[in-house]
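If you count the sequence shown from 1, position 154 lands on 154 in our numbering, and the numbers rise without skipping.
All remarks here apply to the structure that follows.
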Amino acid sequence: PGRFNVISDQLSRSGQIITTEWSMTQAIINQIGQIWEKPQVDLFATQYNTKLPLYYSPIPDPAALGVDSMSQTWSHLIGYAYPPQALIQKVLNKIKTDKAKVYLIAPAWPSRSWYPTLLSLLVDFPRKLPVSKKMLKQPLSNIFHQNPAVLNLHVWNLSGNISDTRAFQHKLPSTSQKDAKKQLTSYTRQGGKSMCVGVLNGKLIHAISMKYN
Numbered sequence: 001p002g003r004f005n006v007i008s009d010q011l012s013r014s015g016q017i018i019t020t021e022w023s024m025t026q027a028i029i030n031q032i033g034q035i036w037e038k039p040q041v042d043l044f045a046t047q048y049n050t051k052l053p054l055y056y057s058p059i060p061d062p063a064a065l066g067v068d069s070m071s072q073t074w075s076h077l078i079g080y081a082y083p084p085q086a087l088i089q090k091v092l093n094k095i096k097t098d099k100a101k102v103y104l105i106a107p108a109w110p111s112r113s114w115y116p117t118l119l120s121l122l123v124d125f126p127r128k129l130p131v132s133k134k135m136l137k138q139p140l141s142n143i144f145h146q147n148p149a150v151l152n153l154h155v156w157n158l159s160g161n162i163s164d165t166r167a168f169q170h171k172l173p174s175t176s177q178k179d180a181k182k183q184l185t186s187y188t189r190q191g192g193k194s195m196c197v198g199v200l201n202g203k204l205i206h207a208i209s210m211k212y213n
């Protein structure tokens with residue numbers, strides 16, 4: 001199956017860009033562990049790009065904690081995940097099912113079908129990732145992403161525990177539909193001053209800019 005060809009594809013196509021294999025700089029993961037609890041398991045990794053000592057691999061790997069994280073339970077761990085965009089909805093569904101705690105790297109793209117679910121699982125304000133020329137690279141070829149800003153990547157602190165999500169939502173400021181639409185529109189434009197990333201049940205959710213230490 002194609003999902004088992006990850007490493008062989010990287011080796012055979014060195015010098016070419018594989019869109020599903022962008023790897024985040026280690027500095028971001030280190031900073032996540034300073035803002036919140038330190039993540040324990042890299043949920044989508046190989047031996048070439050894991051950001052943590054423990055990781056789930058898409059292929060058999062004696063050094064990995066297990067194979068295929070989507071078939072594992074996430075109930076008793078703090079996970080870090082930067083999955084391919086095609087898997088974001090499935091990842092969100094699994095967080096809900098397993099009542100898991102996961103730091104998810106994903107774009108702030110309000111038009112996507114999975115975005116309302118993403119907002120509903122938040123337990124803290126998302127962090128907008130600082131953009132740099134070396135923030136994303138291909139793990140074996142070391143090719144860097146030429147325009148990472150276009151992805152509008154954030155780290156989202158998510159939980160499938162309803163009491164945790166309700167506690168966060170309770171402290172969010174309420175807003176009118178008109179004001180919410182105005183703030184969200186200004187944020188999604190390049191250079192917008194507003195940091196609003198969404199509205200959930202009539203309440204505004206703002207992002208906090210993360211800076212490199």
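Cβ coordinates follow ideal geometry from the N, Cα and C atoms, glycine included.
Check: Roughly how many angstroms separate the alpha carbons of Gln31 and Leu204, rounded to a whole number?
Finding: 25 Å
Checklist line | Reduced DSSP category for Phe144 - H, G, I as helix; E, B as strand; rest coil | finding: strand
Note to self: Measuring alpha carbon to alpha carbon, tell me which residue in Asn147, Val199, Val150 is nearest Leu118.
What the structure shows: Val199
Check: What are the boundary residues of the beta strand (DSSP E) that Gly226 is part of?
Finding: The requested residue 226 does not occur in the structure, where the chain is confined to residues 1 to 213.
Item checked: Alpha-carbon to alpha-carbon, Gly66 and His76 -> 15 Å
Notebook entry, point to check: If we call anything under 8 Å between Cβ atoms a contact, is Leu127 one with Met210?
Noted result: Correcting the residue identity first, residue 127 is Arg in this sequence and not Leu. Cβ atoms of Arg127 and Met210: closer than 8 Å.
Next item on the list: Quick one: residues in its chain with C-beta nearer than 7 Å to the C-beta of Phe168, no 5 flanking neighbours on either side, listed in chain order?
Entry: Leu122, Val123, Asp124
Next item on the list: Count the C-beta pairs between the stretch 30-44 and the stretch 138-153 that are closer than 8 Å, then say yes if the count reaches three, no if not.
Entry: no
Check: Using DSSP with H/G/I as helix, E/B as strand and the rest coil, what is Met135?
Finding: coil
Notebook entry, point to check: Among the residues of its own chain, which have a CB less than 8 Å from the CB of His154, if the five just before and after it don't count?
Noted result: Ile105, Ala106, Pro107, Ala108, Pro126, Arg127, Lys128, Leu129, Val197, Ala207
Checklist line | Sufficient close CB pairs (3 or more, under 8 Å) joining the stretch 77-85 to the stretch 32-49 | finding: yes
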